[in-house]
Amino acid sequence: MNSPTPATSARRIGVLLVNLGTPDSPQTGDVRRYLNEFLTDVRVIDNLPAVVHYPLFQGIVVPLRAPKSAKIYQQLWTERGSPLLFHGLDLQQKVQAALGPEYVVAFGMRYQNPSIAKALEELREAAVDRIIVLPLFPQYAAASTGSVQEKVMQIVSKWWIVPSISFISAFSDDPGFIATIVALGQREMARHQYDHVVFSYHGIPERHITKGSYHNYCQFGSCCDTLNEKNRYCYRAQCFDTSRRVAAGLGLSPDQYTVSFQSRLGRDPWLKPYTDILLKDFPAKGIKNVLAFSPAFVADCLETTIEVGEEFKEMFEEAGGEHWQLVPSLNSEPQWVEAVAAMIRRN
């Protein structure tokens, strides 16, 4: 007589969405804790030995920077708290609904709360069969995506049972990602006539590019004119590729848009051109109305709402500009939710 087939429960796939991080509150103490964790990450500040790095940043840089940053975070904070956090939680809930019960979607931050460790524990408690990790950074950079991947691997390396884990390392050319940006841009362009479009990306030190360059392929020039097997994970090349794709969707010619970089820190050379310097020259060239995108960010945050939306606007107007408009981030737009769900399904 044949033995009965044992009953098996449906296997579920775990999904971990991760963004950079945010203070728990805009108070100086919480901002200091956030900055301390962020700026002591050796993938962020990679050019100092530990004996210099930690005392310098923990003892001098962070204590001096925290009160100033806290004032900026107070401008950013809303009734729901930090936009980066609540947009991330909204995205988590909507992606969960889009994927259905066969998936378990968790959300974590690389720095502070909710932590990656907490989010991974949620997936382990759910007994998922495998885990797909999606760092919410469209263009790969060692200081963002790479840091998330390293942290995940550090955590799961201590588990006794480690399930299959895969990473979506970049989605700078994902059709759904591009289409959502285009749709948001078209919405703004229908409201106002613009002379020029700026794609402002978070900058990284040039050394981060050269350290990851394939056989010294990256030369900070025409090497980024196409995205190919040699520069597939070059942050600069991905930024230009994203811009070309969005510009094509908006019907822009190459002379109608500019790619630039923001948020530099320290004295070492970062990716150029610098947005804050570039925009000051626009009015003299007859560019008085600018539409600005921040395609390195999928959720509104300090670098988009405050830096691009307010500080750059003020600089542009002081230089003689008339209208500077920031296109909102993807946040939890329905089209973006479906794009994320589609990426997960494909993986």
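Letter by letter, the sequence shown follows residues 725 to 1071 of the numbering used here. Glycine included, each C-beta is placed from N, C-alpha and C at the ideal position. Computed from a predicted model, the values in this text were never measured in an experiment.
The C-beta separation of Ser987 from Gly927 comes to about 6 Å, placing the pair in contact by the 8 Å criterion.
Inter-segment contact for the stretch 1048-1056 and the stretch 950-961 is absent: fewer than three beta-carbon pairs are separated by less than 8 Å.
In this structure His777 is in contact with Ile769, their Cβ atoms being roughly 6 Å apart against a cut-off of 8 Å.
About 7 Å separates the Cβ atoms of Ala865 and His932, confirming a contact at the 8 Å cut-off. Per DSSP, reduced to three states, the secondary structure at Gly1010 is coil, with no helix or strand assignment.
The Cβ-Cβ distance between Val921 and Gln878 does not fall below 8 Å.
Less than 8 Å separates the beta-carbon of Asp897 from that of Arg969. With fewer than 16 other Cβ atoms inside 10 Å of its own Cβ, Ile1001 counts as exposed.
Taking a 10 Å sphere around the C-beta of Ala821, we find fewer than 16 other C-beta atoms and assign the residue as exposed.
Rounded to whole angstroms, the Cβ separation of Lys1012 and Met1039 is 14 Å, and the two are not in contact under 8 Å. Looking at the DSSP output, Asn743 sits in a beta bridge with Met833.
Going by DSSP, Pro787 is part of no beta strand (DSSP E) but of the alpha helix (DSSP H) stretching over 786-800.
Bounds of any beta strand (DSSP E) do not take in Ser967; it lies within the alpha helix (DSSP H) bounded by 959-974. Boundaries of the alpha helix (DSSP H) around Arg1069: 1058-1070.
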